[in-house]
Each structure stands twice: as C-alpha cells, then as structure tokens.
Amino acid sequence: LLMKTRYSLKMQIIGSLAAILIFNAPAMAFAESEGEKLFKSNRPAEAILFLEDEIKSGTASSAAYNYLGLAYYQTGDYQNSVDAFAKGLKVPATNKKVLSYNQGNSYYAMGDYENAAKSYTLALSADPKYTQALLNRGNSYLMAQKYSETISDYERYIVMEPADPQRPKLEQLLAMLKQEIVRQEEEARIM
2 LLMKTRYSLK MQIIGSLAAI LIFNAPAMAF AESEGEKLFK SNRPAEAILF
52 LEDEIKSGTA SSAAYNYLGL AYYQTGDYQN SVDAFAKGLK VPATNKKVLS
102 YNQGNSYYAM GDYENAAKSY TLALSADPKY TQALLNRGNS YLMAQKYSET
152 ISDYERYIVM EPADPQRPKL EQLLAMLKQE IVRQEEEARI M
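Each residue of the sequence shown is one higher than the one before, counting from 2 in the working numbering.
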C-alpha cells in the first residue's frame, strides 16, 4: 500500500509538473527578442542589427522576418526590406499572408508596381478575403497602367467592402478608367 501511495504521489507530481510546463510553454516560446523589443520601441535602425543576428543564429521567432522587413522599410531601405520578406516566405511557420502583403508595400514604395502586384496576389492566395491586399493590388495595377486589372480589383473591393468611405472616389476612378479604355480602343481602331 505504501508503495502504491508513493507511486500515486509521484504520478501526481509528474502530472502537476507537466501541466505547469504545458501552460507556461506558450509564454516561453513567444518571449520577445531584443530585436522585437527595439522595433516595438520605434527604434528600427537598432532593431535591424539585433534581428539580423537573431535570424543568423537561429534564435529568431517566426515573426522576426516581418519585423526585420518592416524595420528596413521604416529606415527607407526598401530593397533590404523586400529581401527580408522574401527570406521569411521561404521559412516554415511564418505568416505568408502578412509577409507577402508587406513585401508588396515595399515594392510599391520602390516604384516596382509589377512585383508589388505579384506580392499582393500571393497575400490574396493565402487569404482571398484580404481586402487591403486587393485594394493595394488594384493600386499597383493602376500605377502600371493595367487598367482592366485595376477595374476588376476595384469592383471586387467595392463588393467586398461596400461601406468603405473611399467608395465614392473609387467609383469615380472606375468611371474614368472605363472611359480611358474606350478611348484607347477607339484610338487603336482608327490606327
């Protein structure tokens, strides 16, 4: 009986320890790194150094690539921003939707509207209801003068976000784009 009691007590202790470890595991696994803390303290230039080291050493969280890309973006280094997001997209367990979206924003800031649209398309493939990526892709198409694609994205955005305060402006822009397409088609027909 004494042996059973000791065994039972030992199992209770092991069970209690396991419960403590399980309940505390998320807190331990998601502890903020120094680079993340610096980024969140609006110190992107300093955060870059730490985040780069954390990624190289393998101690970085899956969010580190996003923080690194955003830190580069905030310092105006858009190419390194794009590269950081691209590296993160290759790593398992990273948020592909967010990384692709932010990469699109970096490409857009560089004036590379073709690649911006591709990045927003990746974000939309991760989440087809991600309306901000849809709107930004439409903006990228507009800047690349791909008016048919712009119209398609803007119309879809209005359907998905009917109460958006930008809706009247988008509708005006849609009307102008449709007129421009008609004008271009007429010009091509005459030539």
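Even glycine gets a Cβ: it sits at the ideal position worked out from N, Cα and C. Keep in mind it's a predicted model, so treat the numbers as computed, not measured.
For a test of the three-state rule: what should DSSP assign to residue i, helix, strand or coil?
i             : result
aspartate 84  : helix
glutamate 181 : helix
aspartate 54  : helix
proline 163   : coil
threonine 95  : coil
alanine 127   : helix
alanine 118   : helix
serine 107    : helix
arginine 190  : helix
arginine 138  : helix
serine 34     : coil
glycine 89    : helix
alanine 65    : helix
threonine 76  : coil
glycine 112   : coil
glycine 70    : helix
glutamine 146 : coil
serine 42     : coil
threonine 132 : helix
threonine 60  : coil
By Cβ distance, which residues of its chain are closer than 7 Å to residue i, with the 5 residues on each side in sequence left out?
i          : result
leucine 39 : Glu47, Ala48, Phe51
valine 99  : Asn67
alanine 20 : Bear in mind that the predicted position of alanine 20 carries a pLDDT of just 34, short of 50, making it too unreliable to give a figure here.
Mind checking residue i: buried by the 16 CB within 10 Å criterion, or exposed?
i             : result
valine 183    : exposed
glutamine 138 : Residue identity differs from the one stated: residue 138 is arginine in this sequence, not glutamine. Its Cβ being crowded by 16 or more others within 10 Å, arginine 138 is buried.
asparagine 43 : exposed
threonine 60  : exposed
valine 83     : buried
glutamate 115 : exposed
proline 45    : buried
glycine 112   : exposed
glycine 89    : buried
Using C-beta distances below 6 Å, list every residue in its chain close to residue i, excluding the 5 sequence neighbours before and after it, in chain order.
i                : result
serine 34        : Glu55
leucine 22       : Note that leucine 22 scores a pLDDT of 34, beneath 50, so its modelled location is shaky; the value from the coordinates is reported in the next line. Around leucine 22: no qualifying Cβ.
alanine 134      : Tyr102, Tyr121, Ala124, Leu125
asparagine 81    : Tyr73
phenylalanine 86 : Gly70, Leu100, Asn103, Gln104
Go through its chain and collect everything with a Cβ distance to residue i's Cβ below 8 Å, but skip five positions before and after it.
i            : result
valine 203   : As shown, the chain starts at 2 and ends at 192. That puts residue 203 outside it, with no answer to give.
tyrosine 142 : Tyr114, Ala118, Tyr148, Glu150, Thr151, Asp154
glutamate 37 : Ala48, Leu52, Ser62, Ala64, Ala65, Tyr68
If contact is defined by three or more beta carbon pairs under 8 Å, each pair taking one atom from either stretch, is the region 99-109 in contact with the region 121-135?
yes
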